[in-house]
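Numbering (this note's numbering), first residue to last: 2 to 172.
Yeah, the Cβ is synthetic: ideal placement off N, Cα and C, and Gly gets one too.
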């Protein structure tokens with residue numbers, strides 16, 4: 002006898018880009034809350050993961066305010082990002098700067114170097130959750146996040162939110 006698939010949760014459908022922006026901002030806020038609670042309970046690696054997720058969703062919310070994500074082309078661009086904060090930042094830079102090379106360089110520098118402090122979040126996203134095997138060395142590396150690291154992530158996130166809010170006022 003074949004088992005029927007079980008679905009957990011209740012699915013909602015969103016048809017407007019502005020509603021999608023609000024959804025991403027709400028998800029970001031929820032992830033930030035989880036990160037703070039996890040940090041309070043000394044679950045630092047898990048907290049770091051949720052800070053990264055929160056930043057990614059916050060930027061996606063901002064993107065949804067700037068482009069019509071119900072348009073199939075833009076919806077596909079958003080889907081292709083998956084869970085990469087680095088790629089989400091790249092799309093944000095492209096949306097903000099358009100075809101202006103000087104503006105692109107300036108925004109990219111401000112976001113990646115000043116705000117995100119040159120952290121490679123794509124590597125960190127996995128490193129805080131899984132051991133990594135180095136074949137040449139024939140050994141694993143494990144990343145242990147500390148309380149101080151979570152404070153840095155919290156500062157980075159606060160700077161990111163402030164930067165995007167200031168940017169919204171200028172555009």
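Close beta carbons around residue 67, own chain, < 7 Å, minus the five adjacent residues each side: By 1-based counting over the chain shown, the position of residue 67 is 66. Contacts found: 96.
Validate contact between the segment 139 to 152 and the segment 75 to 84 using beta carbons, cut 8 Å, 3 pairs: Taking a cut-off of 8 Å for Cβ pairs, the segment 139 to 152 and the segment 75 to 84 do not touch, as fewer than three such pairs fall below it.
Paired residues, beta bridge with residue 111 - DSSP: For the purposes of this step, residue 111 is taken as the residue at position 110 of the chain shown. In DSSP, residue 111 forms no bridge with anything.
Cβ shell of residue 40 (< 6 Å), same chain only, five flanking positions each side left out: Taking the chain shown and counting its residues from 1, the one referred to as residue 40 is at position 39. In chain order, 48 and 151 place their CB closer than 6 Å to the CB of residue 40, counting only its own chain and leaving out the 5 sequence neighbours on each side.
Pair within 8 Å by beta-carbon distance, residue 92 and residue 64: As a working note, residue 92 is residue 91 in the chain shown. As a working note, residue 64 is residue 63 in the chain shown. Between residue 92 and residue 64, the C-beta spacing is below 8 Å.
Bridge partner(s) assigned by DSSP for residue 140: For the purposes of this step, residue 140 is identified with residue 139 of the chain shown, where counting begins at 1. Per DSSP, 135.
DSSP-derived helix/strand/coil call for residue 125: One-based indexing of the chain shown puts residue 125 at position 124. Three-state DSSP puts residue 125 in a helix.
Alpha-carbon spacing of residue 75 relative to residue 2, whole angstroms: Numbered from its first residue, the chain shown carries residue 75 at position 74. Numbered from its first residue, the chain shown carries residue 2 at position 1. C-alpha separation (whole angstroms): 43 Å.
Pairwise C-alpha distance: residue 165 and residue 30: Stepping through the chain shown from its first residue, residue 30 is reached at position 29. Stepping through the chain shown from its first residue, residue 165 is reached at position 164. Looking at the two C-alpha atoms, the distance is approximately 15 Å.
DSSP-derived helix/strand/coil call for residue 87: Here residue 87 refers to the residue found at position 86 when the chain shown is read from its first residue. Under the three-state reduction of DSSP, residue 87 is assigned to helix.
Three-state secondary structure (DSSP) of residue 117: One-based indexing of the chain shown puts residue 117 at position 116. Coil.
Proximity of residue 59 and residue 26 at Cβ, strictly below 8 Å: What you label residue 59 is simply residue 58 of the chain shown in a count that begins at 1. What you label residue 26 is simply residue 25 of the chain shown in a count that begins at 1. Remark: C-beta atoms of residue 59 and residue 26 approach each other more closely than 8 Å.
The segment 120 to 134 touching the segment 83 to 92, judged by at least three CB pairs closer than 8 Å: Put simply, the segment 120 to 134 touches the segment 83 to 92. At least three CB pairs are less than 8 Å apart.
Backbone CA spacing between residue 73 and residue 18 [nearest angstrom]: Locating residue 73 in the chain shown gives position 72, counting from the first residue. Locating residue 18 in the chain shown gives position 17, counting from the first residue. Counting only the Cα atoms, residue 18 lies some 12 Å from residue 73.
CB of residue 52 within 8 Å of CB of residue 147, strictly: Taking the chain shown and counting its residues from 1, the one referred to as residue 52 is at position 51. Taking the chain shown and counting its residues from 1, the one referred to as residue 147 is at position 146. Taking the C-beta atoms as reference points, residue 147 is found no nearer than 8 Å to residue 52.
Backbone CA spacing between residue 71 and residue 54 [nearest angstrom]: Working through the chain shown from its first residue, we reach residue 71 at position 70. Working through the chain shown from its first residue, we reach residue 54 at position 53. Computed Cα separation, rounded: 22 Å.
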